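**Student:** Have a look at the structure that comes next, please.
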Amino acid sequence: MNVLWYFLSPLIALLAGLLFLGLARKIMARIHWRYGPPVTQPLIDIIRLFSQRSASHGALFDLGLVLSLAGSLVITLFLPLGNIAPMSGSGGMLVILYMMLLGPLGMALSGGASANPNASIGVSRKLMLAMGYELPLLLVLLAVMTRFDTISIVSIVQQQRAGAWSIASFPLVVSGIAYLMVLPAILGLRPFEVAGAAQEISSGPQVELGGPYLALATMQHGLSMYIGASLFVNLALGGAANPFVFLVKVLVVLALCLFVNASFPRFRVEQAIGYLWRWPTLLALAGLVLTVVTGR
Amino acid sequence: MTLEMVLLAGFGGALLTWLLGKVSARLRNGLAVLLALGMFVAVCLMHGQSFQRLLPLGFMGLRLSVRMNMLSWLFAVLILGTGLLSVIFSLRYMRGRSRLDYYYFTLLLINAAMLGTVVAGDLLTFFICWELVSWSTVLLISLKGTGRAISAGLKYMVMALAGSLAMLVAILSLHARFDTLTIPRLAELLGAAPLGYVLFVTVLMSAGFLVINALWPFHGWLPDAHAEAFSPFSSVLSGVLVRKGLYGLYLLVYVLLGTGLLQRLAWGALSYLNVMAWIGAITVVFAAFRALVQDDSKRILAWSTVGQGGYMVLASSLATELGVAGGVFHFLNYCLLSALLFFVAGAVEHRTGGTRDLNALGGLMRRMPVAFTGAMAGVMGVIGVPLTNGFVSKWIIYKSLLSEGRPFLAFAAFLGTWGTILYGYKFLHNIFLGRLPDRFAEVRRVPFTMALPILVLTALVLVFGVLPGIPLSAVSAAGVSMGFGSLGLSVWGITTDTGTLNVVNLLAAIVAGVFAVWALWRGLGRSVRVDQDDSYAAGMAVPRQRYNFTADFYGPLRRIIGPWAGDAADALLVGLARRTALVSDAFRKLYTGYVGSYVLYILLFLAALIFVQITWSPWL
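Protein chains in written order, with the working numbering: chain C, 1 to 296; chain P, 297 to 916.
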């Protein structure tokens, strides 16, 4: 049974990510008073895209995308899915933080290799935005790790399940609010949709992608949504006792971010960093200081 | 072959290379490579030895001596290994330039003198070798002869001199007090010395080491020096030469003082180790932000060297076995990575006619695959991507910071890594990715003797990333020789009492993931290879020339951090130097060369004396 989860958990994450992309289009359409495509539309698109032929810009262009999707699939083995966490014993949060790099990094390499300035602009924006939200995010993660005195994410989830959710307990509530404030930026949703700005830089890193490449990129996009939300659920909302409850929590978090997405226009990069480095960072810093001062 | 013979061969061989160069350039190059190789092999074979011996050589009544243990061995092997690769890289890179005899002589002299620094058995030998390195470095930095190169050399000289004078005062005072400079003997005697005196010696010597290790606020010399030196020498400079400051810190802090004495060097929260840790943390963050606004390929790497040195000092200042292991291991890893990246920058510079401007390059991945492979491995390693060597040392550093309960220091370390991602990608993108400009369409591949060092280092980066147990066993032994416990190691990773890192799991997961996706993509997807001009421009015509996004790559971020990322510490020191020059110049104007004014000075002085005597009568 254990071995099976090595295959099942990436698959569940992938399906959940794609389902979410479909749901997002539906919800956005309803907010716009449109009918919207069916929820399974992304899945249908992927099957169709694989049947098409596309242009390749060389080995790194291909390999970057493969690495990006592979990295995103592998990271789901490290993040607990409810009570299931096949590889959580290997290095804990520090490894998760680094493995989470592989997805964006592969995308950045592939984008750079596509020799299109729009892709390069998109990557540079994505990296700057990441610098923007990592500042508060790292403070939040350090507060959580200090509070629970461990680098193991499984242990963090267990301690929350024994006590209270991080976001509902003092002093981590301060960090939790800061985390919530930067979550749309982590997910790359509006008002932080700077990297993939469709009208401005032709979807940024994805500009040269078509056919099977676009299929891989769509899967990676869905997965990255799932990963961002699932880290939040594990660290702030106490994880879950089983995969089903966990997925419901992930979906609720993502839906919440969708409402933000529907309500705000896009920031410029400066505005985004200006926002991220002001209130969320101050709150996250306060959270870390409170955590250190109050101790365990 | 004994250590004494290696040192003798090193110094003698350097001179011989210079003389041989007068006869034949080919013989000179051959001897230089053989000498560097011989010294490297000879010192490698000394693995596990531990001794302290007097040399049949004295200076001012003191006998010089050498010592060897695993800490010295690790530093020595890295110094000589980098030196060897640098000599090999120089063969093609330096061909056709002037004053080559002198270049090889200085390079080999620095190699031997650096070896002398890390195997010195007493502080006198240490200081002599230290100064030999410093002075030869000034000459080698300025060898290009351009105005910028000479001023970079001067800046280095003034700062290094200030540092080593502080160290000299400490050494002389130690000698006057204890009448010995032998390291083990001093370690015993310092334990019984009054605390104020220990602090005096510690602060003076640390200042010298911080300058060479280029930590904030003494980092100012490094970016200029690295950018202006010849690329093969930049590798030596960045990989090992600046780290003799790190070796000095280890020698001072853990060998001479020891952890027992260190715990007494504390006044509440303000302790020596805390101050060092925070200097390291500030350096990490500051250098990361400075690096990402640079537009010169070697300047980015130079700032990266400053920042990574911060990690080493930060981790080493924890005074735990894991922290020190993280510091030493990061030194080892970054030595390989920075040498590799400077070789890559040098190869690009060599083949593109001296271009280092990151806004003029682009797309070279297609023309220089070996250099690109090296750059990928190097950048990924500096970032610390899993399966490269940098990942393991950074994991150990973070782990030790967190388990010691230092979240704010850990925050600085994490933030520095994000800065690394940004400037690392900029380095990679602006040189190798994007569109290949037409004027580089015929750039040739890297020649063999330049490709060899790049490939060797790339292989080491990956092997040490997958099998970290191999280098870690030496790192652990070095920690033991500094008085710490040994680490729990396996060939795949490291075990601590609060967490385990096992790289084989990561390797298996990543390989399986990549294979699965690759199979999916190969099995289902079909694609056709297109030219770089065949791209989508949102309905516009694609311009053929310079259709690249490189200029001001992180513009919006630069505009935000710009006001805070100014180099205030460097500006202060440079301003101080300029003001000193002005004051000295004012004094010079007193010497008018006219006898009348000298008579006036004498009269004024006498008048002042008489006035003082009449008013306060201090004399008689």
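Backbone N, C-alpha and C fix where the C-beta goes; we use that ideal spot for every residue, glycine too. Computed from a predicted structure; not experimentally measured.
Can you tell me the Cα-Cα spacing of residue 424 (chain P) and residue 502 (chain P), whole angstroms?
**Tutor:** Looking up residue 424 (chain P) in the second sequence gives position 128. Looking up residue 502 (chain P) in the second sequence gives position 206. Between residue 424 (chain P) and residue 502 (chain P), the C-alpha separation is close to 17 Å.
**Student:** Go ahead and pull the three-state DSSP assignment for residue 45 (chain C).
**Tutor:** Here residue 45 (chain C) is taken as the residue at index 45 of the first sequence, counted from 1. Residue 45 (chain C): helix per DSSP, three-state reduction.
**Student:** Could you tell me whether the Cβ of residue 626 (chain P) comes closer than 8 Å to any Cβ of chain C?
**Tutor:** Reading the second sequence from its first residue, position 330 is the one you call residue 626 (chain P). Closer than 8 Å: no.
**Student:** Is DSSP giving residue 292 (chain C) helix, strand or coil here?
**Tutor:** Counting from one through the first sequence, the residue named residue 292 (chain C) turns up at place 292. Reduced to three states, the DSSP call for residue 292 (chain C) is helix.
**Student:** Of the residues P:717, P:833, P:785, which one's Cα is nearest the Cα of residue 118 (chain C)?
**Tutor:** As a working note, residue 118 (chain C) is residue 118 in the first sequence. Nearest C-alpha to residue 118 (chain C): P:833.
**Student:** Counting only beta-carbon separations shorter than 8 Å, does residue 828 (chain P) have a partner in chain C?
**Tutor:** To locate residue 828 (chain P), count along the second sequence from 1; it is residue 532. Closer than 8 Å: yes.
**Student:** Would DSSP call residue 5 (chain C) helix, strand or coil?
**Tutor:** The residue given as residue 5 (chain C) occupies position 5 in the first sequence. The answer is helix: DSSP assigns residue 5 (chain C) an H, G or I state.
**Student:** Can you say whether residue 482 (chain P) is buried or exposed, counting buried as having 16 or more other CB atoms within 10 angstroms of its CB?
**Tutor:** Walking along the second sequence from the start, residue 482 (chain P) turns up at place 186. The residue is buried, with at least 16 neighbouring Cβ atoms inside 10 Å.
**Student:** Could you tell me whether the region 183-198 of chain C touches the region 258-274 of chain C, using the rule of 3 or more Cβ pairs below 8 Å?
**Tutor:** Yes: the two stretches touch, three or more of their Cβ pairs being nearer than 8 Å.
**Student:** Give a yes or no on contact between the region 579-586 of chain P and the region 487-501 of chain P, applying the rule of three or more CB pairs nearer than 8 Å.
**Tutor:** No, the region 579-586 of chain P is not in contact with the region 487-501 of chain P.
**Student:** I'd like the span of the alpha helix (DSSP H) that includes residue 352 (chain P), first residue to last.
**Tutor:** Indexing the second sequence from 1 puts residue 352 (chain P) at position 56. Careful: residue 352 (chain P) lies outside any alpha helix (DSSP H), inside the beta strand (DSSP E) at 347-355.
**Student:** Return the residues of the region 661-682 of chain P that lie within a Cβ-Cβ distance of less than 9 Å from chain C, sorted by chain order.
**Tutor:** Residues passing the 9 Å Cβ filter: 661, 662, 668, 672, 676, 679, 680, 681, 682.
**Student:** If we count the other Cβ atoms within 10 Å of its Cβ and call it buried at 16 or more, is residue 744 (chain P) buried or exposed?
**Tutor:** Mapped onto the second sequence, residue 744 (chain P) falls at position 448. Per the 10 Å Cβ criterion, exposed.
**Student:** Would residue 166 (chain C) and residue 235 (chain C) qualify as a contact pair, given that the criterion is a beta-carbon distance under 8 Å?
**Tutor:** For the purposes of this step, residue 166 (chain C) is taken as the residue at position 166 of the first sequence. For the purposes of this step, residue 235 (chain C) is taken as the residue at position 235 of the first sequence. Contact flag set, yes.
**Student:** Can you check DSSP and say which residues form a bridge with residue 84 (chain C)?
**Tutor:** As a position in the first sequence, residue 84 (chain C) is number 84, starting the count at 1. Bridge partners of residue 84 (chain C): C:81.
**Student:** Just how far apart, CA to CA, sit residue 347 (chain P) and residue 364 (chain P)?
**Tutor:** If you number the second sequence from 1, residue 347 (chain P) lands on position 51. If you number the second sequence from 1, residue 364 (chain P) lands on position 68. If I take the Cα positions, the gap works out to 5 Å.
**Student:** Have a look at P:429, P:488, P:399, P:303 and flag the residue whose alpha-carbon is nearest the alpha-carbon of residue 415 (chain P).
**Tutor:** To locate residue 415 (chain P), count along the second sequence from 1; it is residue 119. Among P:429, P:488, P:399, P:303, the Cα nearest to that of residue 415 (chain P) belongs to P:303.
**Student:** Mind checking residue 394 (chain P): buried by the 16 CB within 10 Å criterion, or exposed?
**Tutor:** Here residue 394 (chain P) refers to the residue found at position 98 when the second sequence is read from its first residue. Exposed, because fewer than 16 other Cβ atoms sit within 10 Å of the Cβ of residue 394 (chain P).
**Student:** Kindly say whether residue 711 (chain P), judged by its beta-carbon, lies nearer than 8 Å to any beta-carbon of chain C.
**Tutor:** Against the second sequence, residue 711 (chain P) aligns to sequence position 415. Closer than 8 Å: yes.
**Student:** With a threshold of 16 other CB atoms inside 10 Å of the CB of residue 625 (chain P), please say whether the residue is buried or exposed.
**Tutor:** Taking the first residue of the second sequence as 1, we reach residue 625 (chain P) at position 329. Flag for residue 625 (chain P) reads buried.
**Student:** Could you give the C-beta distance for residue 756 (chain P) and residue 632 (chain P), rounded to a whole number, given that I count them as a contact under 8 Å?
**Tutor:** Stepping through the second sequence from its first residue, residue 756 (chain P) is reached at position 460. Stepping through the second sequence from its first residue, residue 632 (chain P) is reached at position 336. Contact holds; Cβ gap of about 5 Å.
**Student:** Measure from the alpha carbon of residue 629 (chain P) to the alpha carbon of each residue in P:376, P:640, P:686, P:592, then state which is nearest.
**Tutor:** The sequence position of residue 629 (chain P) within the second sequence is 333, counting from 1. The shortest C-alpha separation from residue 629 (chain P) is found at P:686.
**Student:** Closest by CA to residue 536 (chain P), which one among P:635, P:557, P:715, P:472?
**Tutor:** Stepping through the second sequence from its first residue, residue 536 (chain P) is reached at position 240. The candidate whose alpha carbon is nearest that of residue 536 (chain P) is P:635.
**Student:** Quick check on the DSSP output: what are the complete alpha helix (DSSP H) runs of length 4 or more inside the region 692-740 of chain P, in order along the chain?
**Tutor:** Listed in chain order, the complete alpha helix (DSSP H) runs (minimum 4 residues) inside the region 692-740 of chain P are 703-728.
**Student:** I'd like to confirm the pairing. Which residues does DSSP put opposite residue 788 (chain P) in its beta bridges?
**Tutor:** Counting from 1 along the second sequence, the entry for residue 788 (chain P) is found at position 492. According to DSSP, residue 788 (chain P) bridges with nothing at all.
**Student:** Over what stretch of residues does the beta strand (DSSP E) that includes residue 652 (chain P) continue unbroken?
**Tutor:** In the second sequence, residue 652 (chain P) corresponds to position 356, counting from 1. From DSSP, residue 652 (chain P) is part of no beta strand (DSSP E); its letter is neither H nor E.
**Student:** Please name the residue in C:52, C:50, C:19, C:53 whose C-alpha comes closest to that of residue 37 (chain C).
**Tutor:** On the first sequence, position 37 is the one that residue 37 (chain C) refers to. For the residues C:52, C:50, C:19, C:53, the minimum Cα distance to residue 37 (chain C) belongs to C:19.
**Student:** Would you be able to state if there are at least three C-beta pairs under 8 Å between the region 760-767 of chain P and the region 721-728 of chain P?
**Tutor:** Contact fails: fewer than three Cβ-Cβ distances are below 8 Å.
**Student:** With distances taken Cα to Cα, identify the nearest neighbour of residue 682 (chain P) among P:698, P:807, P:864.
**Tutor:** Along the second sequence, read from residue 1 onward, the residue named residue 682 (chain P) stands at position 386. Looking at the Cα atoms, P:807 is the closest of the given residues.
**Student:** What ranges does the beta strand (DSSP E) occupy inside the region 812-863 of chain P, keeping only unbroken runs of at least 3 residues that lie completely in it?
**Tutor:** Listed in chain order, they are 822-825.
**Student:** Which term fits residue 263 (chain P), buried or exposed, when burial requires 16 or more other beta carbons within 10 angstroms of its beta carbon?
**Tutor:** Coverage of chain P is limited to positions 297 through 916, which leaves residue 263 (chain P) absent and any answer about it impossible.
**Student:** Closer than 8 Å by C-beta to residue 597 (chain P): which residues in its own chain qualify, once you throw out the five before and the five after it? Chain order, please.
**Tutor:** Residue mapping note: residue 597 (chain P) aligns to position 301 of the second sequence, counting from 1. Hits under 8 Å: 522, 530, 534, 634, 637, 638, 641, 723.
**Student:** On a CA-only basis, which of C:270, C:285, C:222, C:237 is nearest residue 303 (chain C)? Give me that one, please.
**Tutor:** Any property of residue 303 (chain C) remains undetermined from this structure, which presents chain C solely from 1 to 296.
**Student:** On a CA-only basis, which of C:84, C:276, C:220 is nearest residue 177 (chain C)? Give me that one, please.
**Tutor:** The count along the first sequence starts at 1 and reaches residue 177 (chain C) at position 177. The shortest C-alpha separation from residue 177 (chain C) is found at C:276.
**Student:** Alpha helix (DSSP H) containing residue 410 (chain P): first to last residue?
**Tutor:** By one-based count along the second sequence, residue 410 (chain P) stands at place 114. Per DSSP, residue 410 (chain P) belongs to the alpha helix (DSSP H) from 396-415.
**Student:** For residue 306 (chain P), which of P:404, P:316, P:552 has the nearest alpha-carbon?
**Tutor:** For the purposes of this step, residue 306 (chain P) is taken as the residue at position 10 of the second sequence. Cα-wise, what sits closest to residue 306 (chain P) is P:404.
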